[in-house]
Amino acid sequence: GAVVSQHPSRVICKSGTSVKIECRSLDFQATTMFWYRQFPKQSLMLMATSNEGSKATYEQGVEKDKFLINHASLTLSTLTVTSAHPEDSSFYICSAPERGGPMNTEAFFGQGTRLTVV
Amino acid sequence: AQSVAQPEDQVNVAEGNPLTVKCTYSVSGNPYLFWYVQYPNRGLQFLLKYITGDNLVKGSYGFEAEFNKSKPSFHLKKPSALVSDSALYFCAVRDINSGNTPLVFGKGTRLSVIA
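Those sequence lines, one after another, are chains A and B.
My numbering numbers the first residue of the first sequence as 33 and each following residue consecutively.
My numbering numbers the first residue of the second sequence as 137 and each following residue consecutively.
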């Protein structure tokens with residue numbers, strides 16, 4: 033079945049540095065990928081929609097200059113947290129619907145990335 | 137606008153007993169409904185979905201859910217809970233007419249199955 037791979041699973045970085053998270057669709061093409069953020073004991077909050085070959089669409093309140101999204105190919109989207117601060121510490125999850133699949137397909141999720149900024 | 141409500145933050149059940157995790161939703165049109173499970177520090181795993189057809193949907197690991205359009209609800213159920221079912225469960229919805237848009241999630245319900 034379709035698989036979405038997210039890397040790294042855990043990262044610890046110093047405040048002020050940047051961190052890149054990758055999301056790959058392994059056996060299907062994804063023109064669209066979604067990036068979510070999950071705070072402890074809370075639901076998934078959609079941050080942005082990543083579109084292959086065009087600019088990402090950010091949800092209200094999400095800083096596009098801080099959370100840079102690049103979707104350069106049909107199988108890879110990256111989220112870069114720039115100048116990270118402790119308040120950016122969170123669990124980040126990507127997902128992708130299968131291209132060509134029915135509109136009603138379930139979304140496939142990456143394993144998530146636990147970011148800790150110290 | 138689409139929305140999902142999971143009224144319980146936590147559900148506790150004894151192993152072997154039936155479990156129910158509640159979900160209600162709101163969409164302007166007809167819904168696609170989903171249940172996902174999340175284990176600690178992991179992504180979401182798909183359990184089951186309702187698209188059309190029978191209101192009772194059977195999914196992975198013995199879980200099932202019943203679509204009730206009149207309430208409207210999509211409660212997750214399992215006849216006999218296992219300790220390994222302990223996890224965080226999310227209900228999600230998409231309006232059938234919303235195109236390739238992201239799912240809208242409930243806030244999650246933590247299920248604890250006690251041996």
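Here a beta-carbon is modelled for each residue, glycine too, at the ideal position from N, C-alpha and C.
In this text the structure is predicted, and so the values were computed from the model without any measurement.
Thinking just about the alpha-carbon of each residue, which of the options is nearest to the one in residue i?
i, options, result
"B:S139", "B:G198, B:A228 and B:S196", "B:A228"
"B:S220", "B:F241, B:P167, B:Y175 and B:S209", "B:Y175"
"A:S86", "A:Y68, A:W67, A:V36 and A:T63", "A:T63"
"A:F66", "A:R146, A:S122, A:L111 and A:D59", "A:L111"
"A:I53", "A:S115, A:S109 and A:P118", "A:S109"
"A:T49", "A:P118, A:T107 and A:P40", "A:P118"
"B:K185", "B:G179, B:R178, B:E200 and B:Q146", "B:E200"
Quick one: list the residues of chain A neighbouring residue i, beta-carbon separation under 9 Å, in chain order.
i, result
"B:N177", "S41, R42, F123, Q143, G144 and R146"
Starting from residue i, find everything on chain B with Cβ-Cβ shorter than 9 Å and list it in chain order.
i, result
"A:S57", "By Cβ distance, chain B contributes nothing, its closest Cβ being about 13 Å from A:S57, past 9 Å."
"A:A104", "In chain order: nothing, as chain B lies at least about 20 Å away."
Sorted by chain position, which residues of the same chain lie with C-beta nearer than 6 Å to residue i's C-beta, five sequence neighbours on each side aside?
i, result
"A:D120", "V113 and V149"
"A:L76", "Y68 and Q70"
"A:Q92", "none"
Looking only at its chain, what residues have a beta carbon closer than 8 Å to the beta carbon of residue i, apart from the 5 residues adjacent to it on each side?
i, result
"B:E144", "V157, K158 and T245"
"B:G198", "K214, P215 and S216"
Give the C-beta separation of residue i and residue j to the nearest angstrom, bearing in mind that I take them to be a contact with Cβ-Cβ under 8 Å.
i, j, result
"B:L218", "B:V249", "6 Å"
"A:V36", "A:G142", "5 Å"
Specify the secondary structure class of residue i as computed by DSSP and reduced to three states.
i, result
"A:E95", "coil"
"A:M135", "Caution applies to A:M135, whose pLDDT of 48 falls short of 50 and renders its modelled position unreliable; the value that the coordinates give is listed next. Of the three classes helix, strand and coil, the one that applies to A:M135 here is coil, per DSSP."
"A:E54", "strand"
"B:S196", "helix"
Starting from residue i, find everything on chain A with Cβ-Cβ shorter than 8 Å and list it in chain order.
i, result
"B:F241", "S75 and L76"
"B:F203", "Here the premise fails: no neighbours, minimum Cβ distance about 13 Å."
"B:F226", "S75 and L76"
Under 7 Å Cβ to Cβ from residue i, same chain only, skipping five residues before and after it: list those, please.
i, result
"B:G253", "The structure shown does not extend to residue 253 of chain B, since chain B is modelled only from 137 to 251, so the question has no answer here."
"B:A251", "E151 and V219"
Using a C-beta to C-beta distance shorter than 8 Å, which residues of chain B count as neighbours of residue i?
i, result
"A:Q38", "G179"
"A:F66", "P238"
"A:A62", "By Cβ distance, chain B contributes nothing, its closest Cβ being about 11 Å from A:A62, past 8 Å."
"A:A128", "Those do not exist, as A:A128 stays about 10 Å from chain B at its closest Cβ, beyond 8 Å."
Worksheet entry | Residues within the segment 73-88 of chain A neighbouring chain D, beta-carbon criterion of under 8 Å | Annotation note: the requested chain D is absent from the structure, which comprises protein chains A and B.
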